[in-house]
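First comes the structure, then the notes that go with it.
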Amino acid sequence: MTKPIVEIDDVVKRFPVDDSFFAKLLGNETYVTAVDGVSLSIEPGETLALVGESGSGKSTLANMVTGLHSPTSGTVKFDGEVVGEATSRNKETLAAIGMVFQNPRGSLDSRLTIKQIIAEPLKARGWSAAEREQKVESLIERVNLSQAYLPRHPHELSGGEAQRVAIARAIALNPRLIVLDEPVSALDVSVQAKIVNLLMELQDELNLTYLFIAHDLNVVEHIADRIAVMYLGQLMEIAPTEVLFTETSHPYTETLLSAIPSVDPTKQKERVILDGDIPSPINTPSGCVFHTRCPLADEHCATQTPAAEHIGESTSWCHYAAEFADDEKRIAGVMSDD
Amino acid sequence: MSETLLEVEDLHTRFATREGTVHAVEGVSFSVDRGEIVGVVGESGSGKSVTARSLIRLEDPGYIERGSVRFDGIEMTDADDRTIRRVRGDGMAMVFQDPMETLNPVFSIGEQIVESIKVHESPEKQGLLDYLNVPLFSSRGKRSQMRQRAIDLMSEVGIPHPETRVSAYPHEFSGGMRQRAMLAIALAREPDLLVADEPTTALDVTIQAEILQRIRDLNEELDMAVLMITHDLGVVAELCDKVVVMYGGQVMEEGPVEDVLTNPKHPYTESLLGCMPQTCARGEPLNVIEGRVPSMVGEPTGCPFASRCWCSSESCTSGELPTEQVGDDHTSRCHHVEELSESMEAEQ
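Listed in order, the protein sequences are those of chains B and E. The first sequence begins at 0 in numbering that gives the first Met the number 0 and counts up by one. The second sequence begins at 0 in numbering that gives the first Met the number 0 and counts up by one.
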């Protein structure tokens, strides 16, 4: 068995909402718990996808892997060593983790040329001007853009082109892990397809590991090896892609899957629609965090926090995971009884 | 009983820019019947949104070069401001893509819904006194009545706790909630036609499913027609009765959703469907459309899709596009419809 490249162990991240002196004095500081006790590991060469609604803590978890946030408690290990915030990491670790953000235009400095943008990480590692020139030229061609783009500025690029530049910058220092935070969510289907293809090519060629954040399950199904489903800062289910899509063992995953619109109008499926919005992460529900919206929840769910249950190849955090996995139709049945 | 509500004919909307005239919409024709849900799909830059804005005459800074938009017997292209205001007041309502930019941050959601109700009730006259709430000139009973109506509308679109939320401001709402508030504002006018410009693009799939369900319910209950602008073919398959596929400011294919999505008769529709990750085996490279959307500056010649099309020939690069009837109410504007259906049969 290979050693995991990233190990996340019981990580908690809380952001203060009100931690002023008076709040502390009165003992009513409030915090947003963005990530609440998540443990997972990423094997070298695999694509692990993180999915969930907005506000489920996907990006915060990814930011702790890249070092943009430091965890409140728990540890993030890269290559077996505990890594902290980006400023405290050594240069090798920094170079080994690349990042691509959601909004391609927002993540490129509008005052720099494309050439300067891609060369920036190289400059930080002390490459000479000549080496940088050569490397930037090979990188821009690697992401299928012509060298004519190098003197341009980000505002002259389309969304897809800007995302290619961001990918070129992320692979500049030959990283081993790339954290992709919704890299294709802002793009049209035809452009999205090209970027997904490019990412798969690069993974094969450069032997990359991806942590892929998305809310579009169609793309995730295509690219990911394993999928971790998050809700309100906690893991709901982790499973290999095929297993997750065919034998769901968590009601939340089921609702996510049923929400995907199908392109085939003749195949209208039974839909599970959740009521209301995701609860506030300031006062998370007791017991299972999903019980307030779960169609199967009972009193037990409201009081007891579910433990991890292993069902086949998947791990599920639901009291009724086993029963749910046995009887896929159950949730649809409950819905139609109402 | 299908009575035509909106009829767009040969619409041309242009923008004068320093680089030249942008032909954003180039001869678009389609119609929406009462109670029908029509989808308009295409990539970014294909002229969908400009078409939608032209319908309610918000095309500024562009201008309508020629063509006609007939809504319920009113010719919108040469109507005066008063008539246009009337139509916006109780005929056509629009929901925009970004709810944060279209809601007014300094008024509470309730006030914004009430304003919409006022516009609906008296589209001709908007007295300043109605807005100032001076005790002598406005009745308290009427005000609380309107507030109650706003609360009813909010619960109708699925906003929880409308009694307390009615006095909340847009920044206190989440994205899905804001979009629902926009929907409430649009519905306050009891429109015959709801024009929705990518209403769910910025939202999560679960919230999207809920909003689509809500639109469908409202369509059935109020017999309200919907024009749905989107780039997601999944949304079209889910919601619409009829679909109009646009590219380069022109209609490429039009027809009933089942027909168009399962049996596309235009290479562009086919390519667009091919790009969807669902249609490809896992781990395999996805199908792509080579090239990019044309710039639309200057007079277009021939088929806008010719440079990216796998079956284009010399006849595609010049002249008018033919409109081929390929089924009941199903038309495709392509020179190679026959070859396309032959090659698809061969594939099967």
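Using N, Cα and C, we set each Cβ at its ideal position, and we do this for glycine too.
Nearest in C-alpha terms to G88/E, of all of G174/E, L192/E and H329/E, is L192/E. Between the segment 242-257 of chain E and the segment 168-179 of chain B, the count of C-beta pairs closer than 8 Å stays below three; the two stretches do not touch. Only those residues of the segment 191-211 of chain E whose C-beta falls short of 9 Å from the nearest C-beta of chain B are listed: L202, D203, V204, T205, I206, Q207, A208, E209 and L211.
Rounded to whole angstroms, P284/B and T302/B show a C-alpha spacing of 9 Å. Interface flag for A167/E against chain B is unset, since no Cβ pair is found closer than 7 Å. Comparing alpha carbon positions, the residue from W309/E, G282/E, P276/E and E162/E closest to G290/E is W309/E. Interface with chain E (7 Å Cβ-Cβ cutoff): A192/B is included. I150/E: member of the alpha helix (DSSP H) spanning R139 to E155, first to last residue. For the set Y246/E, E257/E, H11/E and G247/E, the Cα lying nearest the Cα of C239/E is the one of E257/E. Residue pairing by DSSP places H309/B opposite T314/B in a beta bridge. Residues of the segment 175-206 of chain B with a C-beta less than 9 Å from any C-beta of chain E: L186, D187, V188, S189, V190, Q191, A192, K193, V195, N196, M199 and E200, listed in chain order. For chain B, the residues of the segment 225-236 of chain E that bring a beta carbon within less than 9 Å of one of its beta carbons are H230, D231, L232, G233, V234, V235 and A236, in chain order. Using a Cβ-Cβ cut-off of 7 Å, L339/E does not count as an interface residue toward chain B, since no Cβ of chain B sits closer than that to its own. Listed in chain order, the non-local C-beta contacts of S53/B below 8 Å within the same chain comprise H214 and I277, local neighbours out to five positions each way being set aside. Judged by DSSP in its simplified three-state form, G36/B adopts strand. Minimum Cα-Cα distance from E246/B among the listed residues L295/B, I113/B and S313/B corresponds to S313/B.
DSSP places I139/B inside the alpha helix (DSSP H), whose first and last residues are A128 to R141.
Rounded to whole angstroms, P150/B and M181/E show a C-alpha spacing of 43 Å.
Between N196/B and the set Y148/B, I96/B and V218/B, the nearest pair of CA atoms involves V218/B. Near chain B, meaning a CB-to-CB distance below 9 Å, the residues of the segment 264-276 of chain E are S270, L271, L272, G273, C274, M275 and P276. Contact check for P104/E and P169/E: beta-carbon distance about 6 Å, within the 8 Å limit, so the pair qualifies.
Taking a beta-carbon distance threshold of 7 Å, L285/E counts as an interface residue toward chain B. In the three-state reduction of the DSSP assignment, Y168/E falls in the coil class, being assigned neither a helical nor a strand state. Of all residues in the segment 244-273 of chain B, only T254, L255, A258, I259, P260, S261, V262, D263, P264, T265, R270, I272 and L273 come within less than 7 Å of chain E when Cβ atoms are compared, listed by chain position. The beta-carbon separation of I212/B and L179/B, rounded to 6 Å, stays under the 8 Å limit for a contact. With a threshold of 16 other beta carbon atoms within 10 Å, I73/E falls short and is exposed.
Taking 4 residues as the minimum length, the alpha helix (DSSP H) runs contained wholly in the segment 78-129 of chain E are 80-89, 98-101 and 108-120, in order along the chain. If you draw a straight line from the Cα of A223/B to the Cα of N286/E, it comes to about 18 Å.
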